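Throughout the sequence shown, residue numbering follows my numbering, covering 50 to 653 in sequence.
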Amino acid sequence: MSEPVPTDDADAAAAARERLLAEVAALPGLPGVYRWFDAQGQVLYVGKARNLKKRVSSYLHKDHGGTRIGAMVARIARLETTVVRTEAEALLLENNLIKTLNPRFNILFRDDKSYPYLKITGVRAADGAAALSASTCARMAYYRGTVDRRHRYFGPYPSAWAVKETIQLLQKVFLLRTCEDTVFANRSRPCLLYQIRRCSGPCVGLIAPEAYARDVRDAERFLLGEQQRVIEDLQAQMMTFSEALAFEKAAEVRDRIGALSRVLHQQSVDESSLSAAERDVDILAVKVAGGRACVNLAMVRGGRHLGDRAYFPAHVDDGAAISSEQADDRAAREPEAAVLEAFIAQHYIGQAVPPLLVTSHAVDAELIAALAEAAGTRVRTLQQPREQRRIWLEMAVKGAELSLARLLAEEGSQRERTRALIEALDLDIADPDTLRIECFDVSHTAGEAAQASCVVYEKHQMQSSQYRRFNIEGITGGDDYAAMRQVLTRRYAKLAEAVAYEGADALPPAADPAGPAVAAGAMPARQRPRPASHGARAPGCPTWCWSTAAAARWRWRARYSRNWAWTSPSSSVSRRARGARSGWRNWSSPMAGPRSGWATTRRR
50 MSEPVPTDDA DAAAAARERL LAEVAALPGL PGVYRWFDAQ GQVLYVGKAR NLKKRVSSYL
110 HKDHGGTRIG AMVARIARLE TTVVRTEAEA LLLENNLIKT LNPRFNILFR DDKSYPYLKI
170 TGVRAADGAA ALSASTCARM AYYRGTVDRR HRYFGPYPSA WAVKETIQLL QKVFLLRTCE
230 DTVFANRSRP CLLYQIRRCS GPCVGLIAPE AYARDVRDAE RFLLGEQQRV IEDLQAQMMT
290 FSEALAFEKA AEVRDRIGAL SRVLHQQSVD ESSLSAAERD VDILAVKVAG GRACVNLAMV
350 RGGRHLGDRA YFPAHVDDGA AISSEQADDR AAREPEAAVL EAFIAQHYIG QAVPPLLVTS
410 HAVDAELIAA LAEAAGTRVR TLQQPREQRR IWLEMAVKGA ELSLARLLAE EGSQRERTRA
470 LIEALDLDIA DPDTLRIECF DVSHTAGEAA QASCVVYEKH QMQSSQYRRF NIEGITGGDD
530 YAAMRQVLTR RYAKLAEAVA YEGADALPPA ADPAGPAVAA GAMPARQRPR PASHGARAPG
590 CPTWCWSTAA AARWRWRARY SRNWAWTSPS SSVSRRARGA RSGWRNWSSP MAGPRSGWAT
650 TRRR
């Protein structure tokens, strides 16, 4: 039976509620962005509103019952708002804050602005130039980063493979150089690329500056979608060489035309009937299944399909449900539409938007209008395309289905591996999702600059955002066991003290923020200890514990040779630990007495 809430706590909660209601009542009826916080200062939800007072008050004055909004409202402790001029500005600010704050009840996408580009460097050689130099001889290169206006950039491409494939195509057809400027300036004879007909040899003057500049212009036109005009110009060059009886040069141009024609024939997803401005299209398809979602983004630039990329958002269930329930009294939307709108808002803010978005589900017109206003260009969406665009959309939808099926299969496989680990260690864990493992390793350089690293395994995958590194000081160089003792003490000493202070069944709320939280609600959920069991020893792995009777629920397992792992607390206390004094000891050692200190006996 639950204990009654103390009067002081009830009064404090009521006072906080009244203060929050008074703050909401004072809000203006203007567009803006609101942020809900819990008692620990963690952001719960970020939302936008056409009318701040009306939207925010709907959370507190309505009965949400057992919905996800109700679960969120029960945790609200504080509110922050920002007033803006228009709803479009509110939308932009909302998604910038979502990407920055990572709220618990919003759909979150990984912010990836590192799309690769194809860069053509340098200044075009002027007509009549005596020779080509590194600065005037344009170079093709793979590029990822901020854009420099001195060069020309084409893309973005969905993957590095797509950029490199395009560079290989341009090498075969237009014979542009790819070498660095330092290599170009110091060549005395052509390189291997010239021998295999992938470069025209401008570094040693084997091509006239005018001819190389023409090849650069043709390559740029090809990347901009003017493939047919490029082929017509090449055919005119071939006829000119033929009439001048320069049959070898005419044959080279003929081979270029053949190579380009074969590529265009193989590129069955080309669309050459559109204007240059309409050939830049992004195709967006979304698929939701098994509590996960996949948004597949396919890019078409210059009428050429450059490939696709799959994105997997977090917090799909919570974010989609809340987005549907509080959408300005509109009809509940499909989760696919909520996921797609969240992706469009978070993905395109701060970067160029193509003039056309082909989507698998309907998108809010206000969202597209806000993106167009921010980008300064006209943007429109198309949900039911025809002809070639329909083929593109069907390909994107199929790609989303396959990517999501692969993700669910991988997660299921990893879940089974986690369950197998629990069974092998004989851990008393009913839900494999609660298993958390922290592993430590010590490294040094000839006994100096010792460091310990901690990696975390949780929710069936490695959590790189929770990795930690410790600088080891005050030990004898090369003493790995002393280093391991120091890092484990720094990581878990406060936790052990808290357990010893309160006892085995009660933990104080004031725990070390650097270590796992020991009081429900005192720290983020990802840092709270997970219920587990001491389990069985893995072969060849000594098992360690803090031998205070009150703290015997905490156990450390270690692989021999300085690799250590920590598992969550057990619900039982081992008989062998009872009555032992404080200190670290090896349970596998024959000297299992109350002696303090590290033991290193290997199990046999």
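Glycine included, each C-beta is placed from N, C-alpha and C at the ideal position. From a predicted model like this one, the values you see are computed outputs, not experimental measurements.
Where in the stretch 219-284 do unbroken runs of the alpha helix (DSSP H), each at least 4 residues long, occur, reported from the N-terminal end onward? List check, alpha helix (DSSP H) in window: 230-234, 241-244 and 258-272.
Delimiting residues of the alpha helix (DSSP H) encompassing G448: Position 399 of the sequence shown holds residue 448. Where G448 is concerned, the enclosing alpha helix (DSSP H) stretches over E436 to A473.
Applying the 10 Å Cβ sphere with the 16-neighbour rule, what's the burial state of Q276? Along the sequence shown, read from residue 1 onward, the residue named residue 276 stands at position 227. Its Cβ being crowded by 16 or more others within 10 Å, Q276 is buried.
Determine the contact status of A190 and T227, defining contact as a CB-CB distance below 8 Å. Reading the sequence shown from its first residue, position 141 is the one you call residue 190. Reading the sequence shown from its first residue, position 178 is the one you call residue 227. Yes, the Cβ-Cβ distance between A190 and T227 is below 8 Å.
With distance defined between alpha-carbon atoms, name the residue in A98, C503 and S107 nearest to V133. Along the sequence shown, one-based indexing puts residue 133 at 84. Here the closest residue by C-alpha is A98.
Residue range of the beta strand (DSSP E) that I48 falls in? The structure shown does not extend to residue 48, since the chain is modelled only from 50 to 653, so the question has no answer here.
Cα separation between R117 and V73? Taking the sequence shown and counting its residues from 1, the one referred to as residue 117 is at position 68. Taking the sequence shown and counting its residues from 1, the one referred to as residue 73 is at position 24. For R117 and V73, the distance between alpha carbons rounds to 21 Å.
Should the stretch 217-233 be regarded as contacting the stretch 150-157, the criterion being three or more beta carbon pairs within less than 8 Å? By the Cβ criterion, the stretch 217-233 is not in contact with the stretch 150-157, since fewer than three pairs of Cβ atoms, one from each stretch, lie closer than 8 Å.
So Y516 is in the alpha helix (DSSP H); what residue range does that whole segment cover? Against the sequence shown, residue 516 aligns to sequence position 467. Going by DSSP, Y516 is part of no alpha helix (DSSP H) at all; its letter is neither H nor E.
Could you check what DSSP says for S107 in three-state terms: helix, strand or coil? Position 58 of the sequence shown, counting from 1, holds the residue named residue 107. Correct three-state label for S107: helix.
Within 10 angstroms of its Cβ, does L70 collect 16 or more other Cβ (buried), or is it exposed? Against the sequence shown, residue 70 aligns to sequence position 21. Exposed, by the Cβ-count rule.
Shorter than 8 Å from the beta carbon of Q433 to some beta carbon of chain B? Although the question refers to chain B, the structure presented lacks it and comprises just one protein chain.
Which residue spans inside the stretch 406-432 form an unbroken beta strand (DSSP E) run of at least 3? Every beta strand (DSSP E) of 3 residues or more that sits fully in the stretch 406-432 is shown, in chain order, as 429-431.
Backbone secondary structure at L157 - three-state DSSP: If you number the sequence shown from 1, residue 157 lands on position 108. Secondary structure of L157 (DSSP, three-state): strand.
Using a 10 Å radius around the Cβ and a threshold of 16 neighbouring Cβ atoms, would you call W613 buried or exposed? Stepping through the sequence shown from its first residue, residue 613 is reached at position 564. Confidence at W613 is low in this model, with a pLDDT of 39, below 50, so its placement is unreliable and the value that follows should be read with caution. Buried, because 16 or more other Cβ atoms sit within 10 Å of the Cβ of W613.
I'd like the ranges of any beta strand (DSSP E) spanning at least 3 consecutive residues and lying wholly in the stretch 105-155. Complete beta strand (DSSP E) runs here, min 3: 127-132.
If you draw a straight line from the alpha carbon of W593 to that of R534, how long is it in whole angstroms? Taking the first residue of the sequence shown as 1, we reach residue 593 at position 544. Taking the first residue of the sequence shown as 1, we reach residue 534 at position 485. The pLDDT assigned to W593 is 35, lower than 50, so where the model puts this residue is not dependable, and the model offers no usable value.
Going by Cα to Cα distance, which pick from L431, R84, A386 and S237 is closest to P404? By 1-based counting over the sequence shown, the position of residue 404 is 355. Considering only alpha carbons, the answer is L431.
Could you tell me whether the stretch 124-139 touches the stretch 327-345, where touching means 3 or more Cβ pairs closer than 8 Å? They do not touch, by the three-pair rule.
For L556, does the count of other Cβ atoms within 10 angstroms reach 16, so buried, or fall short, so exposed? Within the sequence shown, residue 556 is the residue found at index 507, counting from 1. Interpretation of L556 is limited by its pLDDT of 43, a score under 50 that renders its predicted location unreliable; the figure taken from the coordinates is listed afterwards. Counting Cβ neighbours within 10 Å, L556 comes out buried, since at least 16 surround it.
Pull up the CB-CB distance for Q413 and E390, whole angstroms please, since I reckon it's below 8 Å. Residue 413 sits at position 364 when you count from the first residue of the sequence shown. Residue 390 sits at position 341 when you count from the first residue of the sequence shown. One detail in the question is off: residue 413 reads as Asp in this sequence, not Gln. Yes, they are in contact, since the Cβ atoms of D413 and E390 sit about 6 Å apart, within 8 Å.
Mapping the DSSP letters down to three states, classify S182 as helix, strand or coil. As a working mapping, residue 182 is identified with position 133 in the sequence shown. Of the three classes helix, strand and coil, the one that applies to S182 here is coil, per DSSP.
Are T130 and L76 touching if we call contact CB-CB under 8 Å? Translated into the one-based positions of the sequence shown, residue 130 becomes position 81. Translated into the one-based positions of the sequence shown, residue 76 becomes position 27. When the beta-carbon positions are compared, T130 and L76 come within less than 8 Å of each other.
Would you kindly check if the distance between the Cβ of A499 and the Cβ of V505 is under 8 Å? Taking the first residue of the sequence shown as 1, we reach residue 505 at position 456. Taking the first residue of the sequence shown as 1, we reach residue 499 at position 450. The answer is no: Cβ separation not under 8 Å.
Return the residue from the list A308, G340, A338 and R353 that minimises the CA-CA distance to V330. Within the sequence shown, the letter at position 281 stands for residue 330. Of the listed residues, the one whose Cα sits closest to V330 is R353.
Go ahead and label R68 buried or exposed: buried means 16 or more other beta carbons lie within 10 angstroms of its beta carbon, across all protein chains shown. Taking the first residue of the sequence shown as 1, we reach residue 68 at position 19. In the assembly as shown, R68 is an exposed residue. Its beta-carbon has fewer than 16 other beta-carbons within 10 Å.
So the candidates are L167, S182 and V212; which of them puts its Cα closest to the Cα of H200? For the purposes of this step, residue 200 is identified with residue 151 of the sequence shown, where counting begins at 1. If we check each option's Cα against that of H200, L167 comes out closest.
By how many angstroms is the C-alpha of V349 removed from the C-alpha of E546? Position 497 of the sequence shown, counted from the start, is the residue given in the question as residue 546. Position 300 of the sequence shown, counted from the start, is the residue given in the question as residue 349. Taking the CA atoms as reference points, E546 sits about 60 Å from V349.
Residues of its chain near V302, where Cβ-Cβ distance is below 7 Å and the 5 sequence neighbours each way are ignored: Taking the first residue of the sequence shown as position 1, residue 302 is located at position 253. L283, Q286, M287 and F290, listed in sequence order.
For the beta strand (DSSP E) containing A347, list its first residue and its last residue. On the sequence shown, residue 347 is found 298 positions in, with the first residue counted as 1. Run containing A347: R341 to R350, per the beta strand (DSSP E) assignment.
Euclidean distance between Cα positions of A424 and E269: Taking the first residue of the sequence shown as 1, we reach residue 424 at position 375. Taking the first residue of the sequence shown as 1, we reach residue 269 at position 220. The alpha-carbon of A424 is positioned some 24 Å away from that of E269.
Between V548 and F489, is the Cβ-Cβ spacing less than 8 Å? Translated into the one-based positions of the sequence shown, residue 548 becomes position 499. Translated into the one-based positions of the sequence shown, residue 489 becomes position 440. No, the pair does not count as a contact, with Cβ atoms beyond the cut-off.
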